[in-house]
Every structure is written in structure tokens, then in C-alpha cells.
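Below is one structure, written out as C-alpha cells, with a few remarks after it.
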């Protein structure tokens, strides 16, 4: 049996941009991606704490040490700059492997989105 488990989480970051005229995705500061073990193109679930929206897209790296969290394309309609977001990725693991798996949990500074 295999199950879906949380692989990575970037907890409570502020949306810094919403670019409707873009091909899609979420741009994430590359420092945050590395800390959370997220790779370019990986599927990411976005939970918006301010309006309850939940959506999925793929990620692209943004400039390091900027705190950038920009929703691109249609996803830009689901956020406002300044909204508090939680970014989550998942993995599919065998149940025995999942029992010992430890996700990468990142808690950036809520004011700047930078690593503490």
C-alpha cells in the first residue's frame, strides 16, 4: 500500500505578487525552496489563510534572499498581495517508509518571508 504524506511545508508566508499575464505557476524565493526541499517544477498546494482558497500549481525559483512569493497566471486571481499563504508538497510512499518519514517544515519570518 502507498499513501500520500506531507513532504514539505513553507508555513505562513505573505504573497508578494500576483501576475495575471504570465503562463502560470508560483515563484518562490530559491532559498525557501531549498530549505523546504522543493524542486523546480514540483507540484505545490497553496492554502490561502485570508480567503480560504486552496489551489495547486507548479513552482519556479525566484531570486534568493528576496522573500518572493508570486502567484502567476490564473492563480493570481485567487490571492491578493499581502495574503498569508501555506505552501505544501506531498510524496507518495510505501506505508512502512511513511511511518519513519520526516517532512521539511520551514517557518520563515512572517514579515519578510526570509529564513530566520
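Numbering (this note's numbering), first residue to last: -14 to 101. Don't be surprised by glycine CBs; every beta carbon is placed ideally from N, CA and C.
Helix, strand or coil at residue i [DSSP, three-state]
| i | result |
| --- | --- |
| residue 24 | coil |
| residue -1 | strand |
| residue 71 | strand |
| residue 89 | strand |
| residue 96 | coil |
| residue 35 | coil |
| residue 65 | coil |
| residue 81 | helix |
| residue 53 | coil |
Alpha-carbon spacing of residue i relative to residue j, whole angstroms
| i | j | result |
| --- | --- | --- |
| residue 94 | residue -3 | 9 Å |
| residue 51 | residue 86 | 30 Å |
| residue 96 | residue 63 | 21 Å |
| residue 114 | residue 24 | Because the chain spans -14 through 101 in this model, residue 114 falls outside it and cannot be assessed. |
| residue 40 | residue 32 | 7 Å |
| residue 84 | residue 78 | 9 Å |
| residue 55 | residue 26 | 15 Å |
| residue 74 | residue -6 | 7 Å |
| residue 69 | residue -14 | 35 Å |
| residue -9 | residue 76 | 6 Å |
Span of the beta strand (DSSP E) around residue i
| i | result |
| --- | --- |
| residue 47 | 39 to 47 |
| residue 11 | 10 to 14 |
Proximity winner among the options, relative to residue i (alpha-carbon distances)
| i | options | result |
| --- | --- | --- |
| residue 71 | 34, 22, -10 | 34 |
| residue 47 | 11, 22, 84 | 11 |
| residue 38 | 13, 7, 60, 5 | 60 |
| residue 8 | 67, 58, 49 | 58 |
| residue -12 | 81, 44, 91, 89 | 81 |
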